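To start, the structure itself, in structure tokens.
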Amino acid sequence: MIISQMSGVPIYQQIADNFRTDILEGKIAEGTYLPSIRSLARDLKISVITTMKAYEILEQEGLITAVQGKGYAVNAQDGNMLREQHMRKVEEGLLQAIASARIAGLSQSELIETLKLLMTLQEE
Amino acid sequence: MMEFNSVIHGENILKKYGKFRLDIPELDVPRGFATALIGENGAGKSTLLDIIAGIRLDYKGSLRFFDRYDDKDRENDPAVKNAIGYEGTGNYFLPMWTVKQGREIQKLLFDSFDEDKYIEMCRYLAVPDEDNKKISDLSDGNQMKLKLAGVLARDTELLLLDEPASPLDPLMRDKLCDMIREYLQSDEGNKSVLFSTHNIADMEAVTDYMILVENGRIVEQGFVEDLKEKYVVVKGEKADEEFAEKVLYSKSSNAYGFEGLCLAERLDELAGINVKVEIPSLSQICVAIMKQNSALYGIR
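Line by line, the protein sequences give chains A and B. When we follow this note's numbering, the leftmost residue of the first sequence carries the number 1356, and every step to the right adds one. When we follow this note's numbering, the leftmost residue of the second sequence carries the number 144, and every step to the right adds one.
See the structure below:
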């Protein structure tokens, strides 16, 4: 996990983002315990409260559950959430493409044609 | 605001000497976290730590430790003081003691003093390996390292550290932060550290909860992540400075623009002017509050 002190994104957000991606992509299996709050704080050289806030975000999102005396365990993930996560990335990429197309003066049909062309090229 | 259990709870703590008056109606230090006692020199940080540790007994008010012992238990039941590691700014090694004698005396004084761990800590902190040197001949930094090794070599639940970072160089301050984190994680949620500091920036990455003391009073306290939501840094153009002034805690300005701290809940009063809003650092929060209070009390 890479944590940046300078990115302007709060550190707890960066930690939550990292774990969220790993959980949704299935890199961390259901039932696995995340590192304890204080050992993660030690390993990342950050405060306990920052780590705790990251875990609270993930808990609110339903990705993990606090188990009394044992820590935070990863919940079973339904496929829809993973799909949604990817959909968001697709939309982000497309929005960027639209912005660039505007600057380049591309029409809607030209943009769609470009997309189709790129997809066929990829398939080949 | 996050709920927590207190490792130290104090009520109506009062101590007067000369013109100075420490007056703390309520004190809570969260269990399982690192708490920074922040304030200028003479704010009352050391006095408060000494009162908590029982170094000073001439105070009014009551204290509760670990949710079950009061100040009398602290003096009468060795279990309480055995569970507390205190590091003060004064000399508590006698001037004629050598490094070796200092180690042997701590072994006699403290039930859970682990000599091997002490030696390991001294090595980790790069204390010169000179057993026959007088402790009083060591540098301030090395004397501090010996004190830290001493408290960390014992089996405690609470550390009270008075200005541990002050005599240390940047590399050693980093190690100090690592040691605090290691201590906290060695018994998840049960070990707590209370340290005083005026090097806020150096200790920020290890501070969970902060208590800001000024003129013998607590002027702000809370979990750092909560405070970073309570306050925001506002930056704006010179032309808007006068308009923004009414909501700013402390302001610095130059020919190009201004910058200050304001309560997040008052941010909408700045609607209509062009400002940039940022999350403050702990030092920005502390410095702004200190400036504000100094202005109120007419100190500067």
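A virtual CB, placed ideally from N, CA and C, is assigned to each residue, including glycine. Owing to the predicted nature of the structure, the values given are computational and were not obtained by experimental measurement.
- Taking 8 angstroms as the cut-off, the Cβ atoms of Thr232(B) and Lys277(B) do not count as close.
- Listed in chain order, the non-local C-beta contacts of Asp216(B) below 6 angstroms within the same chain comprise Val223, local neighbours out to five positions each way being set aside.
- Between Leu200(B) and Ile167(B), the alpha-carbon positions lie close to 16 angstroms from each other.
- Put simply, the CB of Ile1358(A) is far from chain B, with every gap to its CB atoms at 8 angstroms or more.
- Under the Cβ criterion of 8 angstroms, Val1403(A) is counted among the residues facing chain B.
- A contact between stretches requires three or more CB pairs, one per stretch, nearer than 8 angstroms, and the region 1356 to 1374 of chain A meets this requirement with the region 1409 to 1423 of chain A.
- Every unbroken stretch of the alpha helix (DSSP H) spanning 4 or more residues and falling wholly within the region 230 to 258 of chain B is given here in chain order: 242 to 252.
- Looking at the backbone, the Cα of Val1403(A) and that of Arg324(B) are separated by about 8 angstroms.
- A contact is defined here as three or more CB-CB pairs under 8 angstroms, and the region 354 to 361 of chain B fails this definition with respect to the region 376 to 393 of chain B.
- The beta carbon of Leu327(B) falls within 8 angstroms of a beta carbon belonging to chain A, placing the residue at that interface.
- Pairwise C-beta distances place the region 341 to 349 of chain B out of contact with the region 148 to 155 of chain B, as fewer than three of them are shorter than 8 angstroms.
- In the displayed model, Met353(B) falls within a strand according to three-state DSSP.
- Here the alpha carbons of Thr1406(A) and Leu1379(A) stand approximately 19 angstroms from one another.
- Interface flag for Ala1454(A) against chain B is unset, since no Cβ pair is found closer than 8 angstroms.
- For Lys1425(A), no chain B residue has a C-beta closer than 9 angstroms to its own C-beta; the minimum C-beta separation is roughly 10 angstroms.
- Close to Phe366(B), with beta-carbon spacing below 7 angstroms, are these residues of chain A in chain order: Ile1404.
- The closest CA to that of Asp312(B), considering only Ser282(B), Leu237(B), Phe208(B) and Leu301(B), is found on Ser282(B).
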